[in-house]
Amino acid sequence: MRGAIRRAATAAAVLALLLTGCSGDGDDGRDADGTIRLRFQSLAWQKESVDANKQLVKEWNEAHPDVQVDYVQGSWDSVHDQLLTSFEGGEAPDVIHDASDDLADFAYGGYLADLRPLLPGRLRADIPEQSWRTTTFGEGVYGVPFLQEPRVLIANTKLLKASGARIPTPERPWSWEEFREVTDELTGKGRYGVAWPLKEPVSVTLNLGLSGGGQLFHRDDDGKAVLRFEQGDGVVTGTIRDQVNTDGSAARSALGMGGSDALPGFFGGKYAMLPLGFSYRQQIIQQAPEGFDWTVLPMPAGAGGAVQGVSPQTLSVAEESPHKKEAVAFIDFLLRPPNMVRLARGDWMLPTGTEALTDPSLRGTEHGWAVGTALARGLRPAPAQSVRGYPEWKDKVATPALQEYYSGAIDTDELRKRLVEDGNRVLARYQR
5 MRGAIRRAAT AAAVLALLLT GCSGDGDDGR DADGTIRLRF QSLAWQKESV DANKQLVKEW
65 NEAHPDVQVD YVQGSWDSVH DQLLTSFEGG EAPDVIHDAS DDLADFAYGG YLADLRPLLP
125 GRLRADIPEQ SWRTTTFGEG VYGVPFLQEP RVLIANTKLL KASGARIPTP ERPWSWEEFR
185 EVTDELTGKG RYGVAWPLKE PVSVTLNLGL SGGGQLFHRD DDGKAVLRFE QGDGVVTGTI
245 RDQVNTDGSA ARSALGMGGS DALPGFFGGK YAMLPLGFSY RQQIIQQAPE GFDWTVLPMP
305 AGAGGAVQGV SPQTLSVAEE SPHKKEAVAF IDFLLRPPNM VRLARGDWML PTGTEALTDP
365 SLRGTEHGWA VGTALARGLR PAPAQSVRGY PEWKDKVATP ALQEYYSGAI DTDELRKRLV
425 EDGNRVLARY QR
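Set out below in structure tokens:
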């Protein structure tokens, strides 16, 4: 849920973060006694996650008296504009927490350090190449992907069992056709089989679209990004539209909701299932009424297989940092397998590291951890990961087009025309 970076930051939030980040005594990032001082801007926001990050910073500082790290609290709501302002003002944090789909402009703009010559072999080898692709722009690597969040189905256990539907597993998920049939069966008086909270529909559509064999973004012979809406791109989009407008098995009112907005209806039995990010499990544990029984299921799969796109959380180093080597050493410490597990559990997400994923605490059946770790092998870079102009296409073209399509206001031909024809005009401006 935090991979959808909102860009409308207020001036007050930006100024506050900049002031908080200014903690070095000298331009070379050293205190008067020669101690190197790094600023680590974290976007952790849940208490467990903030506590885990602050505790790791404390442990680093106790073990490294000559290289001290100052924890700076950032916000997902304002991070893009705040970072841009800090880069241009020469006040960027040394170590930067962000998401991979927010890095392209910073990487191409020269604001982030290329980490290839600095990364320890252990860290490079521990994270799969498919994850590294999310932070690779051109020839450089501009961030370390460390947490990722698959989308899962959260189901009302009582309603699911009463329906008699086959219970899907990561090894044998529902097909999209079977999923549509199940949601139809789960629909009854005063209840929908599913609610799709699609206030921000683009990343959900693109990332789940991979399972249907869709891609939408392609590269031409010159390496330029182009949009094509092919048969596979219509699988997930068509399923959602049909559930809402043909079957009546998906709640139309939920299309404008965020994930948290749909939880009260789920707890009240109005929706039998919700497709949500994996980290929503924490909110469910905190908010569900006593005795409410829920379960975690894998998302459906189509011709593309049990895959979906993700935009991992990342740690980067500012190009202007005078102590890049020390900054990467701190990142390496944060992402040692036991520490990566602590960060993952604090955020209720999955680590990217292969060793961390084997930790027993991430493989238990309680709260659906085992389902999530089983899905890790099918996670792929989000389709538009490295496409310049994607934010404009998303905001100005794709979001309104998909909202109208899912509500039934436009048909598939019109959706294709707007996503592709209007979209390619946007991308062309960034690739001249």
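At position 22 of the sequence shown the residue is numbered 26 (our numbering), and the sequence of numbers has no breaks.
Even for Gly, the Cβ is constructed at its ideal location relative to N, Cα and C.
Since the model is a prediction, treat every value here as computed from it, not as a measurement.
(Q) Considering only their Cβ atoms, is the gap separating Thr243 from Arg184 smaller than 7 angstroms? (A) Cβ atoms of Arg184 and Thr243: closer than 7 angstroms.
Q: Look at the alpha carbon of Val208 and the alpha carbon of Glu153, and state the distance between them as a whole number of angstroms.
A: If you take the alpha carbons of Val208 and Glu153, they lie about 12 angstroms apart.
Q.
So, at 7 angstroms on beta carbons, what are the nonlocal neighbours of Glu359 in its own chain, with the 5 sequence-adjacent residues on each side left out?
A. Contacts found: Asp130 and Pro341.
Q: Can you check DSSP and say which residues form a bridge with Arg245?
A: The beta-bridge partner set that DSSP reports for Arg245 is empty.
Q: Can you tell me which of the three DSSP states Val391 falls into?
A: In this structure, DSSP gives Val391 a state outside helix and strand, which the three-state scheme calls coil.
Q) Closest to Val311 by CA distance: which of Gln134, Gly263, Ala117 and Arg120 is it? A) Nearest of Gln134, Gly263, Ala117 and Arg120 to Val311, Cα basis: Gln134.
Q.
Nearest by alpha-carbon distance to Thr377: which of Glu396, Leu361 and Gly260 is it?
A. The residue with the shortest Cα to Cα distance from Thr377 is Leu361.
**Q.** Per-residue burial, Cys26 [other beta carbons within 10 Å of its own, 16 or more giving buried]
**A.** Here Cys26 scores only 43 on pLDDT, less than 50, and its place in the model is too uncertain to base an answer on.
Q: Measure the alpha-carbon distance for Thr232 versus Phe271 and round it to whole angstroms.
A: One detail in the question is off: residue 232 reads as Arg in this sequence, not Thr. Those two C-alpha atoms are separated by around 39 angstroms.
Q: Leaving aside the five residues before and after Val239 along the sequence, list all residues of the same chain whose C-beta is less than 6 angstroms from its C-beta, in chain order.
A: Same-chain partners within the cutoff: Trp180, Gly216 and Gly306.
Q | Glu52 beta carbon less than 7 angstroms from that of Gly412 | A | Contact flag unset, no.
Q: Just mark His222 as buried or exposed, buried being the case when its beta carbon has 16 or more other beta carbons within 10 Å.
A: Residue burial annotation: His222 is exposed, with fewer than 16 other C-beta atoms found within 10 angstroms of its C-beta.
Q: Give a yes or no on whether the C-beta atoms belonging to Asp246 and Gly213 are separated by under 7 angstroms.
A: No, the pair does not count as a contact, with Cβ atoms beyond the cut-off.
Q) Applying the criterion that 16 or more other CB atoms from any shown protein chain within 10 Å of the CB defines a buried residue, is Gly393 buried or exposed? A) Buried, since its Cβ has 16 or more Cβ neighbours within 10 Å.
(Q) Closest to Ala388 by C-alpha separation, out of Ala229, Ala56, Glu189 and Gln77, would be which residue? (A) Of Ala229, Ala56, Glu189 and Gln77, the smallest CA-CA separation from Ala388 is found for Ala229.
(Q) In whole angstroms, give me the CA-to-CA distance for Leu406 and Leu210. (A) A straight line joining the alpha-carbon of Leu406 with that of Leu210 spans about 11 angstroms.
Q. Under the DSSP definition of a beta bridge, which residues are partnered with Arg128?
A. Its beta-bridge partners do not exist; DSSP assigns none.
Q) DSSP state of Ala333, grouped into three classes? A) Helix, per DSSP.
Q. Among residues of its own chain, excluding the 5 on either side of Gly147, which ones have a beta-carbon nearer than 6 angstroms to its beta-carbon?
A. Within the same chain, Leu107, Thr139, Thr318 and Ser320 come within 6 angstroms of Gly147 by CB-CB distance, once the 5 residues on both sides are set aside.
Q: Output the residue ranges of the beta strand (DSSP E) runs that lie fully inside the segment 395 to 435 and measure 3 residues or longer, sorted by chain position.
A: Runs found: none.
Q. If you count every other CB in all the chains shown that lies within 10 Å of the CB of Ser257, and 16 or more means buried, which is it?
A. Exposed: under 16 other Cβ atoms inside 10 Å.
Q | Simplified DSSP state of Met344, which is helix, strand or coil | A | Under the three-state reduction of DSSP, Met344 is assigned to helix.
Q. Name the DSSP beta bridge partners of Ile100, please?
A. BP columns for Ile100 point to Gln45 and Ser320.
Q.
With a threshold of 6 angstroms on Cβ separation, who are the neighbours of Asp118 within its own chain once the five nearest residues in sequence on each side are excluded?
A. Gly144.
Q) Buried or exposed: which applies to Asp105, given that a residue is buried once 16 or more other Cβ atoms fall within 10 Å of its Cβ? A) With 16 or more Cβ atoms within 10 Å of its Cβ, Asp105 is classed as buried.
Q: Determine, using beta carbons only, whether Pro97 and Val76 come nearer to each other than 7 angstroms.
A: With respect to Val76, Pro97 sits close: the two C-beta atoms are nearer than 7 angstroms.
Q) Which one of Tyr112, Gln435 and Ile158 has the shortest CA to CA distance from Gln287? A) Distances from the alpha-carbon of Gln287 to those of Tyr112, Gln435 and Ile158 put Ile158 closest.
Q.
Within a Cβ cutoff of 6 angstroms, which residues of the same chain sit near Leu382, ignoring the five residues on either side of it in sequence?
A. The sequence given here places Gly at residue 382; Leu does not occur at that position. So the qualifying residues of the chain are Ala310 and Val311.
Q. Would Leu116 pass as a contact of Asp336 if the rule is Cβ separation under 7 angstroms?
A. Not a contact, by the Cβ cut-off of 7 angstroms.
Q. In whole angstroms, what is the alpha-carbon distance linking Tyr409 and Trp397?
A. So the two alpha carbons sit approximately 16 angstroms from each other.
Q. Taking Cβ positions, are Pro355 and Pro149 nearer each other than 7 angstroms?
A. Cβ atoms of Pro355 and Pro149: not closer than 7 angstroms.
Q. Counting only runs that start and end within the segment 132 to 187, where is the beta strand (DSSP E) found for 3 or more residues in a row?
A. Those beta strand (DSSP E) runs which fall completely within the segment 132 to 187 and span 3+ residues are 148 to 152 and 155 to 160.
Q) Does the segment 276 to 287 come close enough to the segment 189 to 207 that 3 or more CB-CB pairs lie under 8 angstroms? A) Contact between the segment 189 to 207 and the segment 276 to 287 is established, with three or more Cβ pairs separated by less than 8 angstroms.
(Q) Among the candidates Glu425, Ala386, Pro385 and Arg384, whose CA atom is the shortest distance from the CA of Ala402? (A) Nearest option by C-alpha distance: Glu425.
Q: Would you identify the three-state DSSP class for His84, choosing helix, strand or coil?
A: Residue state, collapsed to three classes: helix.
Q. How about Trp298 and Thr161: are their beta carbons less than 7 angstroms apart?
A. Yes. Within cutoff.
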